[in-house]
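Input: a single structure, listed below in structure tokens.
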């Protein structure tokens with residue numbers, strides 16, 4: 067049994083403890099940054115130090131990017147009321163599933179898939195807004211640091227028409243934020259039920275993708291069981307042969323958690339205020355890009 071063999075040779079990764087001294091040092095630095103929010107709890111600072119492998123200088127850079135890129139992307143990070151119809155619609159149209167059990171290494175898996183495959187209902191900006199609402203809810207509710215993050219993208223139902231509805235400026239912001247500012251330790255990226263369209267998708271997003279992130283991608287064709295070499299079957303939702311419960315129930319639990327945070331979302335706490343910055347801003351954003359995939363050759 068390949069899965070049993072692989073599983074028996076996997077061990078939990080050690081999670082480095084973040085000292086209170088490190089958190090205090092970062093908070094002292096934060097107080098001197100007039101443009102950055104000050105009402106930040108220790109949990110967020112601890113998570114950033116953890117994701118930056120204990121390097122306080124890297125932590126400062128990541129926090130600066132985190133707050134500034136969020137301010138630069140109001141389409142993702144403002145007007146985030148969970149009760150808004152378009153946010154409620156997203157929960158009906160896609161499954162955003164942080165899985166309850168960790169891999170043997172101690173990684174958290176996050177499964178994404180379309181619940182409704184109609185391209186006319188595919189609104190990338192609303193999807194990303196809701197994805198980050200789930201992500202922020204996780205940051206606020208997960209008290210234990212994990213060794214890494216493993217996103218799993220299920221391509222079932224994606225078509226060329228979905229691709230043509232991707233706005234390039236929003237995609238660029240999404241890619242930069244998730245690779246440079248989102249406080250997770252990315253370990254693997256799995257694309258399951260891969261369809262021929264995937265080659266076109268990867269061709270278009272590679273210009274936005276860091277080489278080390280591209281190297282993490284594992285592609286699993288329709289009908290393949292190769293995902294189980296990395297992710298034990300039992301931690302997956304029932305629909306994937308696992309025992310984590312039905313996808314609908316996992317999603318509903320997280321939808322309720324997001325709704326509980328409604329007042330906090332209204333505060334827009336995690337954003338820079340450039341009007342208060344002392345000195346010049348370092349260039350952290352790439353040049354703007356107009357258009358969408360609709361205008362590109364996709365032959």
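In the working numbering, the protein residues as written are 67 to 365.
Beta carbons: idealized from backbone N, C-alpha and C, even for Gly.
- Nearest-angstrom Cα separation, counted from residue 283 out to residue 373: In this structure the chain extends from 67 to 365, so residue 373 is not present and cannot be described.
- Message: So the candidates are 203, 95 and 112; which of them puts its Cα closest to the Cα of residue 85?
- Response: Locating residue 85 in the chain shown gives position 19, where the first residue counts as 1. Looking at the Cα atoms, 112 is the closest of the given residues.
- Looking only at its own chain, which residues have a Cβ that is under 8 Å from the Cβ of residue 260, when we skip the five neighbours before and after it? Against the chain shown, residue 260 aligns to sequence position 194. Same-chain partners within the cutoff: 221, 285, 286, 287 and 288.
- Message: Starting from residue 18, trace the alpha helix (DSSP H) in both directions and tell me its first and last residue.
- Response: Here the chain has residues from 67 to 365 only, and residue 18 is not among them.
- Message: Contact between the segment 238-255 and the segment 132-147 is defined here as three or more beta-carbon pairs at a separation below 8 Å; is this criterion met?
- Response: Touching, yes.
- Does DSSP put residue 248 in a helix, a strand or coil? Along the chain shown, one-based indexing puts residue 248 at 182. Note: residue 248 maps to coil in three-state DSSP.
- Item | Assumed close pair residue 211, residue 317 - CB separation to whole angstroms, cut-off 8 Å | Translated into positions along the chain shown, residue 211 becomes position 145. Translated into positions along the chain shown, residue 317 becomes position 251. That pair is no contact at about 24 Å.
- Item | Residue environment, residue 237, which counts as buried when at least 16 other CB atoms sit within 10 Å | Here residue 237 refers to the residue found at position 171 when the chain shown is read from its first residue. That one is buried.
- Can you check whether the CB of residue 125 is closer than 8 Å to the CB of residue 92? Looking up residue 92 in the chain shown gives position 26. Looking up residue 125 in the chain shown gives position 59. In this structure, the beta-carbon distance from residue 92 to residue 125 falls below 8 Å.
- Query: Nearest CA to the CA of residue 173: which residue from 341, 301, 269 and 110?
  - Reply: Locating residue 173 in the chain shown gives position 107, counting from the first residue. Out of 341, 301, 269 and 110, 301 has the C-alpha closest to the C-alpha of residue 173.
- Item | Beta-carbon spacing of residue 254, residue 216 below 8 Å | As a first step, residue 254 must be located in the chain shown, where it is residue number 188. As a first step, residue 216 must be located in the chain shown, where it is residue number 150. Against a cut-off of 8 Å, the Cβ pair of residue 216 and residue 254 comes out as a contact.
- Message: Quick check: residue 64 and residue 137, are their CB atoms within less than 8 Å of each other?
- Response: Outside the displayed span of the chain (67 to 365) sits residue 64, for which this structure offers no information.
- Item | residue 228 beta carbon less than 8 Å from that of residue 262 | One-based indexing of the chain shown puts residue 262 at position 196. One-based indexing of the chain shown puts residue 228 at position 162. Taking 8 Å as the Cβ cut-off, residue 262 and residue 228 do not qualify as a contacting pair.
- Message: What does DSSP give as the partner residue(s) for residue 174 in the beta ladder?
- Response: Taking the chain shown and counting its residues from 1, the one referred to as residue 174 is at position 108. Per DSSP, 168 and 215.
- Message: Just to confirm my understanding: we take residue 191, look at its own chain, exclude 5 residues before and 5 after, and list those with CB closer than 8 Å. What are they?
- Response: One-based indexing of the chain shown puts residue 191 at position 125. Around residue 191: 141, 142, 233 and 236.
- Determine, using beta carbons only, whether residue 82 and residue 116 come nearer to each other than 8 Å. Here residue 82 refers to the residue found at position 16 when the chain shown is read from its first residue. Here residue 116 refers to the residue found at position 50 when the chain shown is read from its first residue. Taking 8 Å as the Cβ cut-off, residue 82 and residue 116 qualify as a contacting pair.
- Task: For residue 81, name the three-state secondary structure that DSSP assigns.
- Result: As a working note, residue 81 is residue 15 in the chain shown. Here residue 81 sits in coil by DSSP.
- Item | Reference residue 181, options 265, 299 and 193, closest by Cα | The count along the chain shown starts at 1 and reaches residue 181 at position 115. For the residues 265, 299 and 193, the minimum Cα distance to residue 181 belongs to 193.
- Looking at C-alpha atoms only, which residue of 106, 272 and 146 is the closest neighbour of residue 129? Taking the chain shown and counting its residues from 1, one reaches residue 129 at position 63. Closest option to residue 129, Cα to Cα, is 106.
- Assigned exposure category for residue 280 - 16 Cβ within 10 Å defines buried: On the chain shown, residue 280 is found 214 positions in, with the first residue counted as 1. So residue 280 counts as exposed.
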